[in-house]
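A.B. asks: I'd like to ask you about the structure that follows.
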């Protein structure tokens, strides 16, 4: 992997910025190096296609309730994000692994443009009434919730607000589920190994409820990323020099 320096880093004792002692990759380069199944940077400024960095799972935007070109999440990159209100974007097929007990990770940046007024189902492989549907929900209390038919619901402790936050959900082959928020372990639980519906992966308005959320830098992996991965990626996003995981 070619390493490139994309930002200067703060030296706390001197209150100034300096080049890090080693070259570091950009956030997007690091995500790609971790081998995603799909990775949408969401930086499009026009059109109805959200490109996948892997080239395998582009998303198609539908309805008019979305706004491209929103200020993005990364402090070290000027790539933009997307606001969803009554619109959504979807692939043509499943992206999250569907087998019972399959390991996977969902990495994304999210914020709310205003006060949360209802639960918002905003990421998933979902068809109403179908067994195995998977939904990530921004709760009325500000927490994120992972839910799959057959598994217990699993919430974050941290809450989402009008500030960007990096969320990482992981599920291991043994059914251990973890939420990481801003590069730190937020919560963990067992008993999450149900099969997931084999249908399109979607973001935005999945049900009749309007999402009113901003997304940036969404990636899916067919493995469970580690705490070290989460810390490394969050550090690259905000300009903090953390030791990288083994890539």
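In the numbering used here, the protein residues as written are 1 to 247. All residues carry an ideal CB built from backbone N, CA and C; glycine is no exception.
Quick one: residues in its chain with C-beta nearer than 6 Å to the C-beta of residue 234, no 5 flanking neighbours on either side, listed in chain order?
C.D. replies: Sequence index remark: in the chain shown, residue 234 carries index 234 (1-based). 166, 182 and 183, listed in sequence order.
A.B. asks: Would the beta-carbon of residue 213 fall within 8 Å of that of residue 108?
C.D. replies: One-based indexing of the chain shown puts residue 213 at position 213. One-based indexing of the chain shown puts residue 108 at position 108. Result no, Cβ atoms of residue 213 and residue 108 do not sit closer than 8 Å.
A.B. asks: Taking the alpha-carbon of residue 95 as reference, which of 137, 74, 158 and 125 has the nearest alpha-carbon?
C.D. replies: One-based indexing of the chain shown puts residue 95 at position 95. Looking at the Cα atoms, 125 is the closest of the given residues.
A.B. asks: To the nearest angstrom, how far is the alpha carbon of residue 102 from that of residue 245?
C.D. replies: Locating residue 102 in the chain shown gives position 102, where the first residue counts as 1. Locating residue 245 in the chain shown gives position 245, where the first residue counts as 1. Their Cα atoms are separated by approximately 22 Å.
A.B. asks: State the start and end residues of the unbroken alpha helix (DSSP H) segment that holds residue 238.
C.D. replies: Position 238 of the chain shown holds residue 238. Looking at the DSSP string, the run of the alpha helix (DSSP H) that includes residue 238 is 227-238.
A.B. asks: Please report the straight-line C-alpha distance between residue 178 and residue 69, rounded to a whole angstrom.
C.D. replies: Taking the first residue of the chain shown as 1, we reach residue 178 at position 178. Taking the first residue of the chain shown as 1, we reach residue 69 at position 69. Approximately 31 Å, taken between the alpha carbons.
A.B. asks: How big is the Cα-Cα spacing for residue 34 and residue 86?
C.D. replies: Residue numbering aside, residue 34 sits at position 34 when the chain shown is read from its first letter. Residue numbering aside, residue 86 sits at position 86 when the chain shown is read from its first letter. Distance between the alpha carbons of residue 34 and residue 86: 32 Å.
A.B. asks: Below 8 Å on the Cβ atoms is my guess for residue 205 versus residue 43; work out the distance and round it to an integer in Å.
C.D. replies: The count along the chain shown starts at 1 and reaches residue 205 at position 205. The count along the chain shown starts at 1 and reaches residue 43 at position 43. Wrong, their Cβ atoms sit about 21 Å apart, outside the cutoff.
A.B. asks: Report buried or exposed for residue 28, applying the criterion of at least 16 other Cβ atoms within 10 angstroms of its Cβ.
C.D. replies: Mapped onto the chain shown, residue 28 falls at position 28. With 16 or more Cβ atoms within 10 Å of its Cβ, residue 28 is classed as buried.
A.B. asks: What residue does the alpha helix (DSSP H) around residue 31 start on, and which one ends it?
C.D. replies: The count along the chain shown starts at 1 and reaches residue 31 at position 31. Counting along the chain, the alpha helix (DSSP H) containing residue 31 begins and ends at 27-33.
A.B. asks: Do three or more CB pairs link the region 41-55 to the region 71-85 at distances below 8 Å?
C.D. replies: Contact holds: three or more Cβ-Cβ distances are below 8 Å.
A.B. asks: Would you list the one or two residues that DSSP bridges to residue 155?
C.D. replies: Here residue 155 corresponds to residue number 155 of the chain shown, with the count starting at 1. DSSP, once it has assigned bridges, lists 145 as partnering residue 155.
A.B. asks: Under 8 Å: do the region 111-131 and the region 193-207 share three or more Cβ pairs, one atom per stretch?
C.D. replies: Counting Cβ pairs under 8 Å, three or more are found: they touch.
A.B. asks: Judging by CA-CA distance, which residue of 169, 153, 36 and 163 is the nearest neighbour of residue 221?
C.D. replies: Sequence index remark: in the chain shown, residue 221 carries index 221 (1-based). Per the Cα distances, 36.
A.B. asks: Would you check if the distance between the CB atom of residue 168 and the CB atom of residue 236 is smaller than 8 Å?
C.D. replies: Working through the chain shown from its first residue, we reach residue 168 at position 168. Working through the chain shown from its first residue, we reach residue 236 at position 236. It is not a contact, given that the beta carbons lie outside the stated cut-off.
A.B. asks: Under a three-way DSSP split, which group does residue 168 fall into?
C.D. replies: Counting from 1 along the chain shown, the entry for residue 168 is found at position 168. Three-state result, residue 168: strand.
A.B. asks: Please list the segments of the alpha helix (DSSP H) lying wholly inside the region 60-106, counting only runs of 4 or more residues, in order along the chain.
C.D. replies: Fully enclosed alpha helix (DSSP H) runs of 4 or longer: not present.
A.B. asks: Rounded to whole angstroms, what's the CA-CA distance from residue 74 to residue 238? Just pull it up for me.
C.D. replies: Against the chain shown, residue 74 aligns to sequence position 74. Against the chain shown, residue 238 aligns to sequence position 238. Cα to Cα, the separation comes out at about 6 Å.
A.B. asks: I'd like the span of the beta strand (DSSP E) that includes residue 178, first residue to last.
C.D. replies: In the chain shown, the residue the question calls residue 178 occupies position 178. First-last of the beta strand (DSSP E) with residue 178: 177-181.
A.B. asks: Whole angstroms is fine: what's the gap from residue 53's alpha carbon to residue 131's?
C.D. replies: On the chain shown, position 53 is the one that residue 53 refers to. On the chain shown, position 131 is the one that residue 131 refers to. Those two C-alpha atoms are separated by around 30 Å.
A.B. asks: Could you check the C-alpha separation between residue 115 and residue 211 for me, to the nearest Å?
C.D. replies: Here residue 115 is taken as the residue at index 115 of the chain shown, counted from 1. Here residue 211 is taken as the residue at index 211 of the chain shown, counted from 1. Answer to the nearest angstrom: the Cα atoms are 12 Å apart.
A.B. asks: Start and end of the beta strand (DSSP E) containing residue 48?
C.D. replies: Residue numbering aside, residue 48 sits at position 48 when the chain shown is read from its first letter. Unbroken run through residue 48: none, as it is neither H nor E.
A.B. asks: Which of the three DSSP states, helix, strand or coil, is assigned to residue 110?
C.D. replies: Here residue 110 is taken as the residue at index 110 of the chain shown, counted from 1. Residue 110: strand per DSSP, three-state reduction.
A.B. asks: Have a look at 59, 144, 175 and 219 and flag the residue whose alpha-carbon is nearest the alpha-carbon of residue 99.
C.D. replies: As a position in the chain shown, residue 99 is number 99, starting the count at 1. Comparing Cα positions, the closest option is 175.
A.B. asks: Please state whether DSSP places residue 185 in a helix, a strand or coil.
C.D. replies: On the chain shown, residue 185 is found 185 positions in, with the first residue counted as 1. Correct three-state label for residue 185: strand.
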